[in-house]
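In full-length UniProt numbering, the protein residues as written are 1 to 751.
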């Protein structure tokens, strides 16, 4: 298959950066006084490396729950003689005033601060230290950066009565920021005078005033010869705005879009307004009018609209004002407008809700700064993935992953994104996805499960995990997945459907994995959790999938894992076994799972004495006659007894039932089974069976073991012949043929 872009390995730079950040002490740093990180004195790093270290660090803190942030991380970059920073992107709670303060000597060219709510006016002062070099600055969503703490009076007692108040800083301006060209003030706090703030800037090229309400924007004309990009998202426009915008004749990108759900807007878009833009802004290559209501008909008559091949030529445009364009636009934002459904739209890329291409363009364009729009676009993608087939699967997946990573704490995006992932990862799309991409999906799904105890997110995430091959594809996050699932199952109030999926996943995770994995999961409380679930179901007198999966999971996790078998006994597992047997005498699947598990317990020599009671031995003997699930229940009961018999007559510490009587019933049971039975069981190793062959203490145990091997290698030769040879079964069988104590029928079968 053609190599996908997402399939190429990470660059060496990325791998090294990631490794150094996860092992700062062992690589770039040492710990001073056991707490402060310090750079080794012989390290000198250029900005290409430092920028990446800082930006990746922010990304890791945000998206990797196992990664621990360091108090003193930013101090590593305090001295430009050893570390240089030029372009850095910081986000959210990760950054505090002292972090920016730590890097104030750096000559930053580009500083993006996105939703950094912990920054206060102290950081405004720090910005001044970058004023002589800064070209790009974003303060998007830094809602407290214009607030400082005011401490009235200054006396001790007074302070207790009047704790610090937040006061708006009125006197800060961009005076001295002589090189600043690109500025994003999105979601700036009310009360700051934008005009005064910006007036000192000589030549602005790009300005983003998203979510700010300005009634007078006349001051923008001071940059009419330099401004190429203007974003006024969610600003309620008026005639004044419409008079100013066309004067900014250099504009290439204009965004006057809005969120049509957020509040009441008086402004309606008209044909005249669009004509004004097209006639005056001759350099326009990108325009966004998403969310606007069109006041009058901007479209051409529908007969003409439907004619001919779909075209992006302005002359054929279905939107009349755009017939005046010199060339098609690179981008046209029409999300949540009626215009996106027209046939001829003169743009290479259109955001809208008409089809998959438009929806993906919307997610791509709005993810970073407009989660409220993005979640609605992802919802549309969810419908496309669910009802039709996605034609741009890889792009869709990458965009949803990015949105989920970017907005880890946004409930709407987590709900819609996790639902979309379920449909985008299901089996029909499987072939198109690389290992790397599927791992990214697993990472964001686990992030979602960690951050959100919300039922819908948890259910979507668990369902999405079911689309993967388990345990193979989850192996790289094995501990974490198990911890999260056990966490879900240990909650006191549980959603039935999530409980069912989580138990199913737990069962699949401990099936066919190495013993050290099983031991690790056992130590996490797996056995206890399953027994609690069984206890609850027993109290409700229900035997459903949760009950059956829980026993199945216990069967899997005790396989050749003595520690887990012991835990099962210590937490009253046998009591539950007897109660379930009594309460649900007809449930064959349940009986099979329970006896499979007891077979594992009986394989552990040290634990067998605990099974040596009249009650247990009677129950196992009676189950020899069971016809449940073909031969499985009878077979497993016989297996348990075979191991007990193997300990010899002196270990039989009970009067009733007699050992000889039980032996007789075992022979009768084995002789009643069809040797060609197809099996509901999966052996990873024959070791526990093989150990019953070279002995004369219990011929019936030897016969059961020989029967088991004979049946498995004759019904499933491709799978089990190699295993028998590999584990040294052949010489053991040859010995039986020569053994005096072996029964004739056992020798026949061995031969």
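Positions of the beta carbon are idealized from the N, C-alpha and C atoms, including for glycine. Just so we're clear, the structure is a prediction, and the values are computed from it rather than from any experiment.
- In this structure, residue 72 lies away from residue 119, with their beta-carbon atoms at least 8 Å apart.
- Within the same chain, 659 come within 6 Å of residue 652 by CB-CB distance, once the 5 residues on both sides are set aside.
- In chain order, 312, 328, 329, 330 and 331 place their CB closer than 8 Å to the CB of residue 348, counting only its own chain and leaving out the 5 sequence neighbours on each side.
- Rounded to whole angstroms, the Cβ separation of residue 179 and residue 135 is 5 Å, and the two are in contact under 8 Å.
- In the structure shown, residue 698 adopts coil according to DSSP, grouped into three states.
- Residue ranges of uninterrupted beta strand (DSSP E) with 3 or more members, entirely inside the segment 335–390 and ordered along the chain, are 347–351.
- In the structure shown, residue 500 adopts helical secondary structure according to DSSP, grouped into three states.
- Here residue 647 carries a coil assignment [DSSP, helix/strand/coil].
- When Cβ pairs closer than 8 Å are counted between the two stretches, the segment 176–193 is seen to touch the segment 120–131, the count reaching three or more.
- With contact defined as three or more Cβ pairs closer than 8 Å, the segment 728–736 and the segment 669–682 are not in contact.
- In the structure shown, residue 294 falls within a strand segment according to DSSP collapsed to helix, strand and coil.
- Counted as a single uninterrupted DSSP element, the alpha helix (DSSP H) harbouring residue 243 occupies residues 239–244.
- In the structure shown, the three-state DSSP call for residue 206 is strand.
- Our two residues, residue 385 and residue 424, have alpha carbons roughly 6 Å apart in a direct line.
- A check of alpha carbon separations from residue 543 across 245, 132, 585 and 365 identifies 585 as the nearest.
- Following the DSSP letters along the chain, one finds residue 231 inside the beta strand (DSSP E) bounded by residues 229–231.
- Residue pairing by DSSP places residue 147 opposite 168 in a beta bridge.
- For the pair residue 377 and residue 267, the Cα-to-Cα distance works out to about 24 Å.
- With a cutoff of 8 Å on beta-carbon distance, residue 233 and residue 263 are scored as not near each other.
- In the three-state reduction of the DSSP assignment, residue 599 falls in the helix class, which pools H, G and I.
- For the pair of segments examined, the segment 627–637 was found to touch the segment 590–610: the number of CB pairs separated by less than 8 Å reaches three.
- As DSSP reads the structure, residue 29 sits in a beta bridge with 39.
- Here DSSP, grouped into helix, strand and coil, assigns residue 517 to helix.
- With contacts defined by Cβ atoms closer than 8 Å, residue 497 and residue 461 do not form a contacting pair.
- By the criterion of a C-beta distance shorter than 7 Å, residue 55 is surrounded in its chain by 88 and 89, once the five residues flanking it on both sides are discounted.
- Inter-segment contact for the segment 565–575 and the segment 639–655 is absent: fewer than three beta-carbon pairs are separated by less than 8 Å.
- Taking each of 456, 454 and 508 in turn and checking the Cα distance to residue 478, the smallest one comes out for 508.
- The Cβ atoms of residue 69 and residue 106 do not sit closer than 8 Å to each other.
- Taking C-beta atoms as the reference points, residue 193 and residue 138 fail to come closer than 8 Å.
- With a 10 Å radius around the Cβ and a threshold of 16 neighbouring Cβ atoms, residue 146 comes out buried.
- Scanning 83, 17, 63 and 60 for the CA closest to the CA of residue 42 turns up 83.
- For residue 332, no alpha helix (DSSP H) encloses it; the enclosing beta strand (DSSP E) starts and ends at 329–333.
- For residue 113, the three-state secondary structure derived from DSSP is strand.
- For residue 460, the enclosing alpha helix (DSSP H) covers residues 455–465.
- Note on geometry: alpha-carbon atoms of residue 642 and residue 488 lie some 39 Å from one another.
- Residue 575 sits exposed, since fewer than 16 C-beta atoms from the chains shown fall within 10 Å of its C-beta.
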